[in-house]
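Chemist:
Number of protein chains: 2
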Amino acid sequence: MEETYHKQTEIIHIEDGSVGSPNGFKTGGQNIGLRTGRPDMGWIYSEVPASAAGVYTTNVFQAAPLQVTQAGIAKEKKLQAILVNTVSANSCTGEQGIDNAFMTRKWMAEHLGISDHLVGVASTGVIGMQLPMDKMEHGITGIALDAPEAPFEEAILTTDTKPKHLAVQFEIDGKKVTIGGACKGSGMIHPNMATMLGFVTTDAAVEPDALSLALKSVVNQTFNRITVDGDTSTNDMVLLLANGQAENHQLNEQHPEWQTFLNGLEHVCQGLAKFIAGDGEGATKLIEVQVSGAKDDHSAEIISKSIIGSSLVKTAVFGSDANWGRVICAMGYSGEHFDTNKVSMALGDFVLFKDGMPVDFNEEQAKAYLDGDSVVIKTKLGEGFGKAVAWGCDLTYNYVKINASYRS
Amino acid sequence: MEETYHKQTEIIHIEDGSVGSPNGFKTGGQNIGLRTGRPDMGWIYSEVPASAAGVYTTNVFQAAPLQVTQAGIAKEKKLQAILVNTVSANSCTGEQGIDNAFMTRKWMAEHLGISDHLVGVASTGVIGMQLPMDKMEHGITGIALDAPEAPFEEAILTTDTKPKHLAVQFEIDGKKVTIGGACKGSGMIHPNMATMLGFVTTDAAVEPDALSLALKSVVNQTFNRITVDGDTSTNDMVLLLANGQAENHQLNEQHPEWQTFLNGLEHVCQGLAKFIAGDGEGATKLIEVQVSGAKDDHSAEIISKSIIGSSLVKTAVFGSDANWGRVICAMGYSGEHFDTNKVSMALGDFVLFKDGMPVDFNEEQAKAYLDGDSVVIKTKLGEGFGKAVAWGCDLTYNYVKINASYRS
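As you go down the protein sequences, you meet chains W and D in turn.
No gaps in the numbering here: position 122 of the first sequence is 122 in my numbering, and each next residue is one more.
The number in my numbering is simply the position in the second sequence, starting from 1, with 408 added.
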């Protein structure tokens with residue numbers, strides 16, 4: 001296992017790490033006949049019940065598995081296993097959808113010999129389609145914890161072009177703590193949980209209430225800062241399991257190394273969020289928008305989301321066009337008020353706009369910069385110390401192609 | 409001049425009508441060397457000073473011509489002429505941009521022999537580019553009111569694929585009143601005035617304050633209900649001139665036929681707004697979203713805008729995919745709360761979703777319907793009597809093509 005060191009935070013990246021990296025977790029995926037030639041169901045299992053926290057879509061239509069998982073966590077603030085299926089989102093499926101989600105949860109619990117409420121369920125795929133229950137039952141009873149057919153992170157993908165996972169290690173109470181994560185989602189990604197499933201595991205011991213606060217806070221800075229197309233799905237969910245196998249003193253906000261845990265969690269969630277943004281449907285480039293000098297952080301967040309959500313900014317980046325006007329424009333219609341004469345903007349190190357006016361810049365160099373895989377748009381206001389970062393991707397022909405023909 | 413009658417409203421459409429249709433207006437366009445092979449500057453002239461009202465972009469960055477035009481109208485609530493240039497938007501151009509806008513206004517006023525403040529100026533094109541003043545001066549002094557080179561509505565276009573104009577006639581006080589309109593704008597179109605210029609003229613006599621109220625109210629129901637890509641530009645403006653040549657008793661809210669005037673104005677503005685939505689950049693289809701049964705009209709408006717603004721809905725319509733899930737999803741993340749079990753949805757006459765659940769429908773027939781030029785998405789909630797309509801277009805390969813290479 002290769003390790004690279006980030007001295008400042010003392011966070012170590014685990015090469016090829018994922019949700020299976022922390023102690024006491026087994027994960028995997030398999031094909032249960034929902035689609036051809038690739039795994040279509042994934043699972044996570046902890047050897048002991050783990051503190052559990054979730055963040056769920058803000059969409060008024062909330063898919064059945066989210067309702068069932070929330071009900072389960074509410075019971076004891078714990079989960080021991082998670083089951084994820086693709087193809088059917090089990091959303092807008094009425095009472096039958098709810099019954100089916102409960103039934104798959106039950107099958108999984110029976111297969112693992114644990115209580116029903118310790119199983120979380122997640123679905124991604126087409127809305128309005130009932131779960132194929134025969135295949136689900138057969139698939140679940142075929143799960144072999146120690147002999148997975150495929151990695152978890154591959155089994156949960158839909159239009160994603162690549163698996164998204166990472167893990168980090170750091171010390172708490174002198175014990176080695178690991179946090180791992182995997183996620184899926186490329187279209188319909190937008191702040192406030194879009195068609196995105198995120199799963200984070202850790203062997204840290206964490207009090208459930210503190211875990212829930214930590215997840216909400218970190219998701220707000222990471223998963224909720226990415227956008228692909230502005231649509232927020234009915235199925236988005238991020239689940240975090242902490243099984244305590246690292247044997248640290250149980251963490252909460254009073255623990256002296258609480259911030260270390262938060263940093264590690266943010267590291268994992270930010271990494272996953274950026275993977276999703278960079279793998280947006282049809283995307284060729286990851287865009288990072290940095291806003292500083294805003295009235296406050298909230299104002300900066302609104303402005304950053306306005307820029308990253310602009311179809312015109314996204315198409316300009318796709319075309320490697322240093323079209324600062326569109327960035328300025330998106331700042332201007334964000335709904336935030338500010339002195340336009342104090343606004344500056346740069347693409348990477350190329351300043352294009354300073355104190356409310358365009359400045360001369362080398363178009364060729366700017367274009368060469370925009371031709372890269374990763375583009376940083378920096379904007380600065382003259383209002384205060386508020387800052388924010390948001391991530392997204394370019395808008396391309398392939399986005400249209402993928403989404404004009406997804407269902408059929 | 410052919411006329412078609414709409415009995416219910418007694419509003420007569422004037423074939424090929426435009427801003428030049430009402431009595432006492434002269435309009436035209438010409439090439440002043442800003443671009444090759446097509447007219448690039450347009451003008452409207454009223455034989456007498458007209459009551460004037462304007463609605464302006466909500467973007468914090470407001471282009472110089474908007475500031476200058478507002479200042480002019482503020483003086484006497486009147487305009488007698490409007491000058492529109494393409495290619496340079498005269499936005500983010502600092503003090504020099506303001507000076508230049510004042511100077512072009514002055515040249516136009518001198519050429520027409522009227523006061524400066526009676527000239528409105530509008531610009532559309534690239535942000536950050538100063539007006540080419542030599543060409544502007546030469547162009548303005550070459551304006552021949554009675555011998556225009558080109559129609560006004562052609563001279564103001566940018567990425568539009570066709571001119572957009574109409575005019576209607578109806579009676580007030582037994583006098584024939586005409587309202588004409590022309591507009592441009594296809595990308596960056598979104599509620600709250602996007603890169604869109606709208607010009608409406610009428611020979612009705614209307615008190616300036618009433619005119620202003622009428623325009624604000626009607627724009628909110630029409631131009632502010634269309635979206636192409638969610639971006640709101642720095643240059644959007646709708647101007648309305650009423651020169652009184654119809655010789656009706658001056659209209660205000662107390663006039664018994666005030667509503668007739670409002671209906672006529674809405675007719676023109678809705679027509680122009682739909683032209684813009686249907687001619688969105690790269691668009692192949694006009695989409696109309698109807699929401700009913702919402703808690704109130706405001707709630708319905710928010711839901712309608714959420715649907716029409718969804719990139720996933722727009723690409724599904726492009727691909728003729730009866731993907732009701734995306735419509736439901738966009739309703740769900742609108743921010744409005746409602747009982748999901750009382751939601752129904754139809755594409756034209758094809759009901760796809762009823763009381764919170766999908767219903768069987770004939771995919772082939774739905775696809776055939778979606779293959780048309782015009783698609784109506786109907787959604788119904790069970791909350792109250794609120795309703796709203798919004799218009800937009802599909803999201804296509806050509807949208808990406810146009811916007812990935814606009815500036816270069």
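Positions of the beta carbon are idealized from the N, C-alpha and C atoms, including for glycine.
When the Cα atoms are used, what is the spatial distance from S752 of chain D to S310 of chain W?
Modeler: 30 angstroms
Chemist: If you measure between the beta carbons of F223 of chain W and G20 of chain W, is that distance less than 8 angstroms?
Modeler: no
Chemist: Could you tell me whether the Cβ of G384 of chain W comes closer than 8 angstroms to any Cβ of chain D?
Modeler: No, no contact with chain D.
Chemist: For the segment 426 to 506 of chain D, which segments carrying the beta strand (DSSP E) assignment without a break, of at least 3 residues, lie completely within its bounds, in sequence order?
Modeler: 433 to 438, 449 to 464, 486 to 493
Chemist: What's the call for S91 of chain W, buried or exposed, on a 16-neighbour Cβ count within 10 Å?
Modeler: buried
Chemist: For E696 of chain D, list the residues DSSP reports as bridge partners.
Modeler: Partner residues in the beta bridge of E696 of chain D, as assigned by DSSP, are D:V784, D:W799.
Chemist: For S217 of chain W, is the classification buried or exposed, using 16 other Cβ atoms within 10 angstroms of its Cβ as the cut-off for buried?
Modeler: exposed
Chemist: In whole angstroms, give me the CA-to-CA distance for A71 of chain W and V60 of chain W.
Modeler: Near 17 angstroms, if we compare the C-alpha coordinates of V60 of chain W and A71 of chain W.
Chemist: With H, G and I counted as helix, E and B as strand and the rest as coil, what does DSSP make of K416 of chain W?
Modeler: Outside the modelled stretch of chain W, which goes from 1 to 408, sits residue 416 of chain W, for which no answer is possible.
Chemist: Would you report the Cα separation of N811 of chain D and A460 of chain D, rounded to the nearest angstrom?
Modeler: 34 angstroms
Chemist: Can you tell me where the alpha helix (DSSP H) with Q221 of chain W in it begins and where it stops?
Modeler: 208 to 221
Chemist: In angstroms, rounded to a whole number, what distance separates the CA positions of T69 of chain W and A273 of chain W?
Modeler: 22 angstroms
Chemist: Once DSSP output is grouped into helix, strand and coil, what is the label at S233 of chain W?
Modeler: DSSP, reduced to helix, strand and coil, places S233 of chain W outside both helices and strands of the structure shown, so it counts as coil.
Chemist: Confirm, please, whether the CB-CB distance from A471 of chain D to A497 of chain D is below 8 angstroms.
Modeler: yes
Chemist: Does any C-beta atom of chain D lie closer than 8 angstroms to the C-beta of T222 of chain W?
Modeler: no
Chemist: Can you tell me where the beta strand (DSSP E) with A167 of chain W in it begins and where it stops?
Modeler: Following the DSSP letters along the chain, one finds A167 of chain W inside the beta strand (DSSP E) bounded by residues 164 to 172.
Chemist: Residues bridged to G528 of chain D by DSSP?
Modeler: Answer is D:I490.
Chemist: For G282 of chain W, which of W:E110, W:T57, W:V400 has the nearest alpha-carbon?
Modeler: Taking only the C-alpha atoms, the option nearest G282 of chain W is W:V400.
Chemist: Using 8 angstroms as the limit for Cβ to Cβ distance, is L803 of chain D near chain W?
Modeler: Output row for L803 of chain D: interface = yes.
Chemist: Tell whether a beta-carbon distance below 8 angstroms holds between E462 of chain W and K175 of chain W.
Modeler: No statement about residue 462 of chain W is possible, as the shown extent of chain W runs from 1 to 408 and does not include it.
Chemist: Could you run through the segment 51 to 76 of chain W and flag, in chain order, every residue whose CB is less than 7 angstroms away from some CB of chain D?
Modeler: T58, N59, V60, F61
Chemist: Given that a residue counts as buried once 16 or more other Cβ atoms are within 10 Å of its Cβ, and exposed if not, what is T36 of chain W?
Modeler: Counting C-beta atoms within 10 angstroms of its own C-beta, T36 of chain W has fewer than 16 neighbours from the protein chains shown and is therefore classed as exposed.
Chemist: Count the CB pairs spanning the segment 363 to 372 of chain W and the segment 331 to 340 of chain W that are closer than 8 angstroms, and state whether there are at least three.
Modeler: no
Chemist: Distance check for T723 of chain D and N235 of chain W, CA to CA, integer angstroms please.
Modeler: 20 angstroms
Chemist: Just the Cα atoms here: how many angstroms apart are V200 of chain W and A182 of chain W?
Modeler: 7 angstroms
Chemist: Among W:L131, W:E257, W:K78, W:K26, which one has its Cα closest to the Cα of T104 of chain W?
Modeler: Scanning W:L131, W:E257, W:K78, W:K26 for the CA closest to the CA of T104 of chain W turns up W:L131.
Chemist: Only counting the same chain, and skipping five residues up and downstream in sequence, which positions put a Cβ closer than 6 angstroms to that of Q678 of chain D?
Modeler: T630
Chemist: DSSP three-state call for P599 of chain D: helix, strand or coil?
Modeler: Reliability of the predicted coordinates at P599 of chain D is poor, the pLDDT of 36 falling under 50, and the value obtained from them is presented with this limitation in mind. Correct three-state label for P599 of chain D: coil.
Chemist: Extract the residue ranges of the alpha helix (DSSP H) inside the segment 533 to 571 of chain D, only unbroken runs of 4 or more that lie entirely within it.
Modeler: 541 to 549, 560 to 563
Chemist: Determine the chain W residues that contact V534 of chain D at a beta-carbon separation under 8 angstroms, and present them in chain order.
Modeler: Under the 8 angstroms cutoff, chain W gives G325.
Chemist: Examine chain W for any beta-carbon lying closer than 8 angstroms to the beta-carbon of C500 of chain D, and answer yes or no.
Modeler: By this cut-off, C500 of chain D is an interface position.
Chemist: Counting contacts by CB-CB distance shorter than 8 angstroms, is L565 of chain D in contact with chain W?
Modeler: no
Chemist: Compute the Euclidean distance between the alpha carbons of D160 of chain W and K135 of chain W, then round it to the nearest angstrom.
Modeler: 23 angstroms
Chemist: Mapping DSSP to helix, strand and coil, what is K750 of chain D?
Modeler: When DSSP states are grouped into helix, strand and coil, K750 of chain D belongs to the helix group.
Chemist: In whole angstroms, what separates the C-alpha of H421 of chain D from that of G790 of chain D?
Modeler: 37 angstroms
Chemist: Can a CB atom of chain W be found closer than 8 angstroms to the CB of V808 of chain D?
Modeler: yes
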